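Residue numbers (our numbering), protein chains in the order written: chain D, 5 to 287; chain P, 5 to 287.
Protein chains: 2
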Amino acid sequence: MKIIHTIEEMSNFSKKTHLKAQTIGFVPTMGALHEGHLSLIRQARKENDIVVVSIFVNPIQFGQKEDYRRYPRNLKLDAQACRKEDVDIIFCPDREEMYPANYKTYVTVRDLSDVLCGQFRPGHFQGVATVVAKLFHIINPDIAYFGQKDAQQSIIIKKMVEDLKFAVKIKIIPTIREKDGLALSSRNAYLHKGQRRDALVLYQALTLAKNLIRQGKIDSSEVIGKMKELINKKKSANIQYVAIVDPKDLLPVDKIRDKVLVALSVWIGKTRLIDNIIIDRKT
Amino acid sequence: MKIIHTIEEMSNFSKKTHLKAQTIGFVPTMGALHEGHLSLIRQARKENDIVVVSIFVNPIQFGQKEDYRRYPRNLKLDAQACRKEDVDIIFCPDREEMYPANYKTYVTVRDLSDVLCGQFRPGHFQGVATVVAKLFHIINPDIAYFGQKDAQQSIIIKKMVEDLKFAVKIKIIPTIREKDGLALSSRNAYLHKGQRRDALVLYQALTLAKNLIRQGKIDSSEVIGKMKELINKKKSANIQYVAIVDPKDLLPVDKIRDKVLVALSVWIGKTRLIDNIIIDRKT
């Protein structure tokens, strides 16, 4: 396994790989790798000749008051995990390599970026789309892997690729959960013991929604009401949003008829957690 | 020569070309080809195995009140001209092929897009950057050719390519002029006879600036003042802007010390014309 720090070396490696007619699977991450990331990496390993994992805590997707500085960074542990999964390349440029002074270009996916998490994190998805576009150009992957955990991000990246005709296939990999149901997230590391217990309520609320819909409830506001009631029972929980939307355009669904994305964001103490499930009434 | 209308066919052609280790030179145009375009095409022909010319009147770079509808379109004449220059492919997708319903993704080059023409054409350079990014992904050229006539556009595209690390080399080709100095433009076709005479004042003003600077004038406001005076003598001329800027960041230069871009936009009747020259005091 090789660790590459510069754009030039990375893109030269990719060019050589394609000249040998080998395929590249790419897993973009911000490091602090957990089983969720590893499931993406394993999928990439199965399907490609070469696996590239990027580790870059992308400053432009963090708001002024967000956790850019304290976001967990541990390249040594991440490299160990990647080596174990037989990754070929870790690409970890520094901030100045990706955004030199005088950097000016941004990619925006309209509408999809302004709802759900986007309402509360202005500029976040522009930051995500921009860094992913740039990484795609540098690494030129055949397939790139994203987690269903970040549902809105996945939908935005798929839309960007479709609209701008990037030559890459996007695969979305199911969310990995702890045994008790908590979705894996690098930010779970911020949780104290009592908060860890309360954090379970995100998954419990999603499970409640699934059961209500399976039982025949079709009124989104009723389902959302019951989810909120459940979450509000937890002392450390503070709801940012609970939404039932169309997974294609992320617009609110009033009556649940077929496939919906149930998504929520909840502050547990000072840690903002997100989770989601897709529910298809017809299956 | 082949005329391709769909993105799929175009990108398949490009993939096959690269598999044969052939290079692609790309000239993006809005059609209504004149000697300016042909000089780009000839340069592309010299330097590449395959030459692709795109002809697409890009709706998203026109303002509501601009000339999208009346912009000259004549694929038959354009195809004749391309055939004569030994072009391999004309790519001319229709509007729905490039921007299907529900299209959402835009590329913005900040700061550079808001000055000079950008002040008067909000969204214009976002439209340009977006369509060029998309065409680059579809055609995957080794080299793309742009005209110095659209100086701001060239600078924005170069910045986009540098920032997002597109794998394409950008070449800027000198402006082609009529014998009397008028820069070639598809919009010159809009000019009536008297206007055609008055339109010459753009080049005359630029020539005046060059002479003044060569004579040792270093005060931009003085040079701009004399240029405006000259232009205002023409009855049908209405100045939109006259500017002396740094060609790197397009910011106004107060004292002319080395390389400057002298750029102007003038309405001749109902036709908006632009022109520019780069002047280096040191050479």
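Beta carbons: idealized from backbone N, C-alpha and C, even for Gly.
Just so you know, these numbers come straight off a predicted model, no measurement behind them.
Using CA coordinates, which residue listed in K239/D, A247/D, S240/D is at the minimum distance from K230/D?
-> A247/D
In chain D, which residues lie less than 9 Å from S158/P when you measure between Cβ atoms?
-> In chain order: nothing, as chain D lies at least about 15 Å away.
By Cβ distance, which residues of its chain are closer than 8 Å to L81/P, with the 5 residues on each side in sequence left out?
-> L37
Taking one C-beta from the region 196 to 204 of chain D and one from the region 157 to 167 of chain D each time, how about it: are there three or more such pairs within less than 8 Å?
-> With a cut-off of 8 Å, the region 157 to 167 of chain D and the region 196 to 204 of chain D do not count as touching, because too few Cβ pairs lie within range.
DSSP on K183/P, reduced to helix/strand/coil?
-> Residue state, collapsed to three classes: coil.
Run through the region 215 to 259 of chain D for me and flag every whole beta strand (DSSP E) of 3 or more residues, listed as ranges in chain order.
-> 241 to 249
Report the rounded CA-to-CA distance for N106/P versus V165/D, giving the unit in angstroms.
-> 14 Å
Through-space distance from A213/D to I147/P, alpha-carbon basis | 53 Å
Expected contact under 8 Å - CB spacing of K238/D and D262/D to nearest Å = That belief does not hold up - the Cβ atoms of K238/D and D262/D are roughly 31 Å apart, past 8 Å.
Where do the N-terminal and C-terminal ends of the alpha helix (DSSP H) with A133/P fall, by residue?
-> 128 to 143
Step through the CB atoms of chain P and report whether any lies within less than 8 Å of the CB of R114/D.
-> R114/D counts as touching chain P.
Is the beta carbon of V119/P less than 8 Å from the beta carbon of L268/P?
-> no
Could you pull the start and end residues of the alpha helix (DSSP H) that L168/D belongs to?
-> 155 to 168
For R276/D, name the three-state secondary structure that DSSP assigns.
-> Assignment of R276/D by DSSP, reduced to helix, strand and coil, places it in the strand class.
Where the region 138 to 164 of chain D meets chain P: residues whose CB sits under 8 Å from a CB there | K138, H141, I142, N144, K163, M164
Neighbourhood of G220/D by C-beta distance below 6 Å, restricted to the same chain and skipping five residues each side | Correct list: empty, nothing qualifies.
Taking all protein chains shown into account, decide if R74/D is buried (16 or more other Cβ within 10 angstroms of its Cβ) or exposed.
-> R74/D is exposed by the Cβ-count criterion.
Could you check how far apart the C-beta atoms of V3/P and L206/P are, in whole angstroms? I think they sit under 8 Å.
-> Not covered by the structure: residue 3/P. The range shown for chain P is 5 to 287.
Tell me whether L204/P sits in a helix, a strand or coil according to DSSP, three-state version.
-> Coil at L204/P, not helix or strand.
Which whole-angstrom value is the C-beta distance of T109/D and V113/P, which I expect to be below 8 Å?
-> About 5 Å separates the two Cβ atoms, so the contact holds.
Anything in chain P within Cβ reach of L168/D, meaning under 7 Å, just list it in chain order.
-> T109, A137, K138, H141
Environment of K137/P [buried if 16+ CB atoms lie within 10 Å] | Here residue 137/P turns out to be Ala, not Lys, going by the sequence shown. Answer is buried; the Cβ neighbour count reaches 16.
Is G151/D helix, strand or coil when you go by DSSP?
-> strand
If contact means a Cβ-Cβ distance below 9 Å, which residues of the region 201 to 220 of chain P contact chain D?
-> none
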